[in-house]
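Same order as they appear, the protein sequences are chains Z and P. If you use my numbering, the first sequence closes out at 193, no skipped numbers anywhere. If you use my numbering, the second sequence closes out at 193, no skipped numbers anywhere. Heads up, the beta-carbon is just placed ideally off N, CA and C, and yes, glycines get one too.
2 protein chains.
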Amino acid sequence: MARRRDLADQQQRLSAATWSVLAERGLPGLTLRAVAERAGCTTGMVLHTFADKQALLVHARELLHRRTGQRADAAQAAADTPRAALRAVLWQAASPTEEKREEARVWVGFLAAALADPVLADLHRSYNRRFVDRVAALVAAVRPDRPPADCRATATSLVALVEGLNALAAVDPATYSDQAQRNAIDTALARLDTRP
Amino acid sequence: MARRRDLADQQQRLSAATWSVLAERGLPGLTLRAVAERAGCTTGMVLHTFADKQALLVHARELLHRRTGQRADAAQAAADTPRAALRAVLWQAASPTEEKREEARVWVGFLAAALADPVLADLHRSYNRRFVDRVAALVAAVRPDRPPADCRATATSLVALVEGLNALAAVDPATYSDQAQRNAIDTALARLDTRP
DNA sequence: GCGTTACCGTAACGTACGCTACGGACCGGA
DNA sequence: TCCGGTCCGTAGCGTACGTTACGGTAACGC
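1. I want to verify the contact list: residues of chain P whose CB lies under 9 Å from the CB of L24(Z), in sequence order.
2. Using a Cβ cut-off of 9 Å (strictly closer), state whether E95(Z) contacts chain P.
3. Using the beta-carbon of each residue, which ones in chain P are nearer than 8 Å to V129(Z)?
4. Helix, strand or coil for D119(P)? Go by DSSP, reduced to three states.
5. Here's the rule: buried if 16 or more other CB atoms are within 10 angstroms of the residue's CB, otherwise exposed. What is G41(Z)?
6. Helix, strand or coil for R140(Z), going by three-state DSSP, please let me know.
7. Comparing C-alpha positions only, which one of R102(Z), A137(Z), A13(Z) sits nearest to R149(Z)?
8. In chain P, what lies closer than 8 Å to L135(Z) by C-beta?
9. What three-state label does DSSP hand L108(P) in the structure shown?
10. Where does Y124(Z) sit, in a helix, a strand or coil, going by DSSP?
11. Could you tell me whether the Cβ of S154(Z) comes closer than 9 Å to any Cβ of chain P?
12. On a Cα-Cα basis, can you pick out the residue from T46(Z), A157(Z), L117(Z), G26(Z) that is closest to R2(Z)?
13. Do R35(P) and S17(P) have their C-beta atoms within less than 9 Å of each other?
14. Within 8 Å, do at least three Cβ pairs link the region 108 to 115 of chain P to the region 86 to 94 of chain P?
15. Answer yes or no: do V116(P) and A118(Z) have a C-beta to C-beta separation smaller than 9 Å?
16. I want to see whether chain P comes within less than 9 Å of G106(Z), judged by CB atoms only; does it?
17. Please report the straight-line C-alpha distance between R0(Z) and N125(Z), rounded to a whole angstrom.
18. What alpha helix (DSSP H) runs, 4 residues minimum, are completely inside the region 130 to 175 of chain Z?
19. If we define contact as Cβ-Cβ less than 9 Å, is N86(Z) a contact residue for chain P?
20. Which of the three DSSP states, helix, strand or coil, is assigned to R1(Z)?
21. In the DSSP assignment, find the alpha helix (DSSP H) that holds T39(P) and state where it starts and stops.
22. Within the chosen definition, does the region 151 to 161 of chain P reach the region 149 to 165 of chain Z through at least 3 CB pairs nearer than 8 Å?
23. Kindly indicate if chain P contains any beta-carbon less than 9 Å away from that of H121(Z).
Given below as structure tokens:
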């Protein structure tokens, strides 16, 4: 036996480097060389940690999901009412900080990549549906009187609104300012009260 | 003098080929060779018509805007009331047909490209703001009693919802079915009645 | 009809990509 | 201390990209 490495740690660091490059240079700028440079190693090490570029992409996509999922968990747990939880989850999905704008850019990059990569498309669908499920459960908690199908429709609509705000704010933060985003979400949420 | 060519026609045909490749292979698959093959010519002709690849991209982006703009014009003109016009414009922006799904894919591609290309980012902002202006004017026509700032906020929210639906439906048409999209838009529009 | 000129196909250049083969470096065990 | 195996940096392969240079070709004016 000899030299042992922390595989998980390397994967995480390389995923973070991948993400950083994605956010900064966009999808076309995401090359193994750029990732290696950002991570402070060589392409050899990158391809010893991940079998190929697609494996790296998949792992970075999972990392993005984990980050947003954890933040959603935290927002949900910190709220004391279902209504506050729903609002907190949607607000955190919007992008008030620079860090989350970066996430939004990466998200858009992966969305575009999913259009041509079936594996990434599967991941996107899976993660997005999980997000819809989460929101639908919260909507059902806020309005237990509504049929589940209604809650699900409302949830898909809310998710589309939030992701649309995120995507548009990534390119035009002036038009889709933080305040505009929160305003849009709150207005959409107000419908939960006024309708039967 | 000698051989004259129809520059505008060539630009249009090459833009269409660019768009077709974009929709089918995504942004990474958009190469000058692929465009030339799709257009039935060579890369030499492509680069005699457009100075470089970016010029081709810019022209294709303008073409996308022109198509969606024309369809919005038609939808708006065919409606007899402001409310019907607003609904028609938003519905046509959503993607009920395969042709518009293609447009949605191209739109997502250009959105991602805009994250790394300042020129495309400028174009995106310009076109998107024009769309927001159009929707805001329609909202103001439906509810003349509301202050313009309110109409604009509602418009940005509606645009974010529509573009979010488009983007998500491009990758997951099962979850974001045509009916789900129209349902979401109509529900958002219903707010125009119920609120003061 | 013929020369001139605009036009475009051909071919290739330089670059950067994903990926691989190989050899040295490093570390745990004896 | 030395051995053996694991690990990773180096170098380079083949490919495909954007772009360019050049020569052939087709059309217009005279």
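Taking the structure as given:
1. Numbered from its first residue, the first sequence carries residue 24(Z) at position 27. By Cβ distance, chain P contributes L24, P25, A109, A110, L112, A113.
2. Counted from its first residue, the first sequence places residue 95(Z) at position 98. With 9 Å as the cut-off, E95(Z) does not count as an interface residue toward chain P.
3. For the purposes of this step, residue 129(Z) is identified with residue 132 of the first sequence, where counting begins at 1. T172, listed in chain order.
4. Taking the second sequence and counting its residues from 1, one reaches residue 119(P) at position 122. Helix.
5. As a first step, residue 41(Z) must be located in the first sequence, where it is residue number 44. So G41(Z) ends up on the exposed side.
6. Position 143 of the first sequence holds residue 140(Z). Three-state DSSP puts R140(Z) in coil, outside helix and strand.
7. Here residue 149(Z) refers to the residue found at position 152 when the first sequence is read from its first residue. Checking every option, the nearest Cα to that of R149(Z) belongs to A137(Z).
8. The residue labelled residue 135(Z) in the question sits at position 138 within the first sequence. Per Cβ cutoff of 8 Å: no residues; L135(Z) is ~17 Å from chain P at best.
9. Counted from its first residue, the second sequence places residue 108(P) at position 111. Helix, per DSSP.
10. Reading the first sequence from its first residue, position 127 is the one you call residue 124(Z). Three-state result, Y124(Z): helix.
11. Counting from one through the first sequence, the residue named residue 154(Z) turns up at place 157. Chain P, which has a Cβ nearer than 9 Å to the Cβ of S154(Z), makes this yes.
12. Along the first sequence, one-based indexing puts residue 2(Z) at 5. Measuring from the Cα of R2(Z), the nearest candidate turns out to be T46(Z).
13. Taking the first residue of the second sequence as 1, we reach residue 35(P) at position 38. Taking the first residue of the second sequence as 1, we reach residue 17(P) at position 20. Their beta carbons are under 9 Å apart, which means R35(P) touches S17(P) by this criterion.
14. In short, these stretches do not touch, since the Cβ pair count stays below three.
15. Taking the second sequence and counting its residues from 1, the one referred to as residue 116(P) is at position 119. Taking the first sequence and counting its residues from 1, the one referred to as residue 118(Z) is at position 121. Result no, Cβ atoms of V116(P) and A118(Z) do not sit closer than 9 Å.
16. Translated into positions along the first sequence, residue 106(Z) becomes position 109. So yes, G106(Z) belongs to the interface.
17. Translated into positions along the first sequence, residue 0(Z) becomes position 3. Translated into positions along the first sequence, residue 125(Z) becomes position 128. About 40 Å.
18. 145 to 168
19. Translated into the one-based positions of the first sequence, residue 86(Z) becomes position 89. Just to set this straight, residue 86(Z) is Val in the shown sequence, not Asn. No, V86(Z) does not count as interfacial toward chain P.
20. Taking the first sequence and counting its residues from 1, one reaches residue 1(Z) at position 4. Of the three classes helix, strand and coil, the one that applies to R1(Z) here is coil, per DSSP.
21. Against the second sequence, residue 39(P) aligns to sequence position 42. In the DSSP assignment, T39(P) falls outside any alpha helix (DSSP H), carrying neither H nor E.
22. yes
23. Locating residue 121(Z) in the first sequence gives position 124, counting from the first residue. Yes - at least one Cβ of chain P is within 9 Å of the one on H121(Z).
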